[in-house]
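Colleague:
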Amino acid sequence: MLTVKNKSIKEELGILFIHGAGLGKYIWNDLVANLNYSSISIEFPNRNSKDRTNSFLSLEDYVSKAISDIENYEKQKIIIITHSIGGIIGLRIAEHLKDKAIGFIAIGSAIPKNGKSFVSCLPFPQKIIIPLLMRLAGTKPPKSAIEKGLCNDLTQDQTKKIIQKFTAESRNLYTQNSNTKIPSIKKLYIKLTNDKELSISVQKRMAKNLNCENIVALESGHLPMLSVPKKLTEILNEFIDKCLTQD
6 MLTVKNKSIK EELGILFIHG AGLGKYIWND LVANLNYSSI SIEFPNRNSK
56 DRTNSFLSLE DYVSKAISDI ENYEKQKIII ITHSIGGIIG LRIAEHLKDK
106 AIGFIAIGSA IPKNGKSFVS CLPFPQKIII PLLMRLAGTK PPKSAIEKGL
156 CNDLTQDQTK KIIQKFTAES RNLYTQNSNT KIPSIKKLYI KLTNDKELSI
206 SVQKRMAKNL NCENIVALES GHLPMLSVPK KLTEILNEFI DKCLTQD
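With the first letter of the sequence shown counted as 1, position 62 gets the number 67 in our numbering; the numbers rise by one all the way through.
See below:
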């Protein structure tokens, strides 16, 4: 139960959602409807562009866009919720927010070691092959790969929307190193047990990189905010409540 003090903190609290590569803030819509807290969702640059608009963007450009999205967000305390490659952006945002960041939730997120890139999170030989494929074919996977990797447990309508709205990212988002320390705040890693993009072994390593002792397993593919939004929201609400009620 929230005390008067914690009710006041709740009013000051905002939840920041960060989506993964190729996607947009629309993926959070079903989840946010059942969240007990005020929230804001950032969006990567140039969503829905059908060309290679993002080709020359740097990792810093993605970080700067995220910071600009929350520049006028007036909440005094923020819990960051990331998905997939959004984990890298989330760590940078936590560093930017300093004491305003009080919690970090990683949903099947990539959490590289300090000074490393997203690609470093992948197992061998993928960490060698993926950069080569991106150089040759770009960063937008073929339809069949999106269906099998991102949408393995989604409905036909959801899958169609993901494919239609998928945006090619800059290779730099995947390959440039990020120098960010792990924040000393309350953390939760949500491990997705049917994820075809990041295997269970990779996710376990990501949780370790996050220095996270709180790990919850959720039966879902890579996009639980679409496949099981209510179950995911329950996990989020419970953890956020604990952030407010525990010292």
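Don't be surprised by glycine CBs; every beta carbon is placed ideally from N, CA and C. Nothing here was measured: the structure is a model prediction, and the numbers come from that model.
1. By how many angstroms is the C-alpha of serine 89 removed from the C-alpha of lysine 201?
2. On the premise that glycine 108 lies in contact with cysteine 217, defined as a C-beta separation below 8 angstroms, what is that separation, rounded to the nearest angstrom?
3. Buried or exposed for glycine 143, going by 16 or more other Cβ atoms inside 10 Å?
4. Candidates Leu231, Ile84, Leu178, Ile167: which alpha carbon is nearest lysine 1's?
5. Looking at alanine 71: is its Cβ nearer than 7 angstroms to the Cβ of isoleucine 98?
6. Quick one: grab the DSSP three-state call for glycine 108.
7. Just the Cα atoms here: how many angstroms apart are proline 188 and lysine 103?
8. Whole angstroms is fine: what's the gap from asparagine 2's alpha carbon to lysine 105's?
9. Where do the ends of the alpha helix (DSSP H) carrying lysine 209 lie?
10. For a quick check, are the C-beta atoms of serine 2 and glutamine 208 less than 7 angstroms apart?
11. What residue ranges within the region 53-140 form continuous alpha helix (DSSP H) runs of no fewer than 4 residues, ordered along the chain?
12. Is it true that the CB of glycine 120 sits closer than 7 angstroms to the CB of asparagine 41?
13. Short of 6 angstroms in beta carbon distance, which residues of its chain neighbour asparagine 157, apart from the five on each side in sequence? Order them along the chain.
14. Taking the CB atoms as reference points, tell me whether lysine 145 and alanine 173 lie closer together than 7 angstroms.
15. Which of helix, strand or coil does DSSP assign to serine 13?
16. If the criterion is Cβ atoms closer than 7 angstroms, does the pair leucine 193 and asparagine 219 meet it?
17. List the endpoints of the continuous alpha helix (DSSP H) containing serine 44.
18. Taking only three categories from DSSP, how would you classify lysine 186?
19. Between which two residues does the beta strand (DSSP E) containing phenylalanine 22 stretch?
20. Rounding to the nearest angstrom, what Cα-Cα distance links tyrosine 67 and glutamine 161 in this structure?
21. Assign valine 233 to one of three DSSP states: helix, strand, or coil.
22. Rank Phe22, Leu64, Met211, Asn51 by C-alpha distance to the C-alpha of leucine 127 and give the top, closest one.
23. Go ahead and label serine 44 buried or exposed: buried means 16 or more other beta carbons lie within 10 angstroms of its beta carbon, across all protein chains shown.
24. What residue range is occupied by the uninterrupted beta strand (DSSP E) comprising tyrosine 194?
Modeller: Well, looking at it:
1. For the purposes of this step, residue 201 is taken as residue 196 along the sequence shown, with counting starting at 1. For the purposes of this step, residue 89 is taken as residue 84 along the sequence shown, with counting starting at 1. Going by the C-alpha atoms only, they are around 12 angstroms apart.
2. Looking up residue 217 in the sequence shown gives position 212. Looking up residue 108 in the sequence shown gives position 103. That belief does not hold up - the Cβ atoms of cysteine 217 and glycine 108 are roughly 11 angstroms apart, past 8 angstroms.
3. On the sequence shown, position 138 is the one that residue 143 refers to. That one is exposed.
4. Any answer about residue 1 is impossible in this case: the structure gives the chain only from 6 up to 252.
5. Against the sequence shown, residue 71 aligns to sequence position 66. Against the sequence shown, residue 98 aligns to sequence position 93. Closer than 7 angstroms, so yes.
6. Start at 1 with the first residue of the sequence shown, and residue 108 comes out as number 103. Looking at glycine 108 - three-state DSSP - the assignment turns out to be strand.
7. What you label residue 188 is simply residue 183 of the sequence shown in a count that begins at 1. What you label residue 103 is simply residue 98 of the sequence shown in a count that begins at 1. One C-alpha to the other measures close to 9 angstroms.
8. Nothing about residue 2 can be reported from this structure: the residues present for the chain run from 6 to 252 only.
9. By one-based count along the sequence shown, residue 209 stands at place 204. 205-214 is the extent of the alpha helix (DSSP H) around lysine 209.
10. Nothing in the structure corresponds to residue 2, since the chain is present only between 6 and 252.
11. Fully enclosed alpha helix (DSSP H) runs of 4 or longer: 64-74, 91-102.
12. One-based indexing of the sequence shown puts residue 41 at position 36. One-based indexing of the sequence shown puts residue 120 at position 115. No, the Cβ-Cβ distance between asparagine 41 and glycine 120 is not below 7 angstroms.
13. Indexing the sequence shown from 1 puts residue 157 at position 152. Cβ within range, chain order: Lys201, Gly226.
14. Residue mapping note: residue 145 aligns to position 140 of the sequence shown, counting from 1. Residue mapping note: residue 173 aligns to position 168 of the sequence shown, counting from 1. Yes. Within cutoff.
15. For the purposes of this step, residue 13 is taken as the residue at position 8 of the sequence shown. In this structure, DSSP gives serine 13 a helical state, which the three-state scheme calls helix.
16. Reading the sequence shown from its first residue, position 188 is the one you call residue 193. Reading the sequence shown from its first residue, position 214 is the one you call residue 219. Less than 7 angstroms divides the Cβ of leucine 193 from the Cβ of asparagine 219.
17. Stepping through the sequence shown from its first residue, residue 44 is reached at position 39. Run containing serine 44: none in the alpha helix (DSSP H); it sits in the beta strand (DSSP E), 44-46.
18. Here residue 186 is taken as the residue at index 181 of the sequence shown, counted from 1. Three-state DSSP puts lysine 186 in coil, outside helix and strand.
19. For the purposes of this step, residue 22 is taken as residue 17 along the sequence shown, with counting starting at 1. Here the beta strand (DSSP E) through phenylalanine 22 covers 18-23.
20. Translated into positions along the sequence shown, residue 67 becomes position 62. Translated into positions along the sequence shown, residue 161 becomes position 156. So the alpha carbons of these two residues sit roughly 30 angstroms apart.
21. On the sequence shown, position 228 is the one that residue 233 refers to. Coil, per DSSP.
22. Stepping through the sequence shown from its first residue, residue 127 is reached at position 122. Of Phe22, Leu64, Met211, Asn51, the residue nearest in Cα terms is Met211.
23. On the sequence shown, residue 44 is found 39 positions in, with the first residue counted as 1. With 16 or more Cβ atoms within 10 Å of its Cβ, serine 44 is classed as buried.
24. Here residue 194 corresponds to residue number 189 of the sequence shown, with the count starting at 1. First-last of the beta strand (DSSP E) with tyrosine 194: 191-197.
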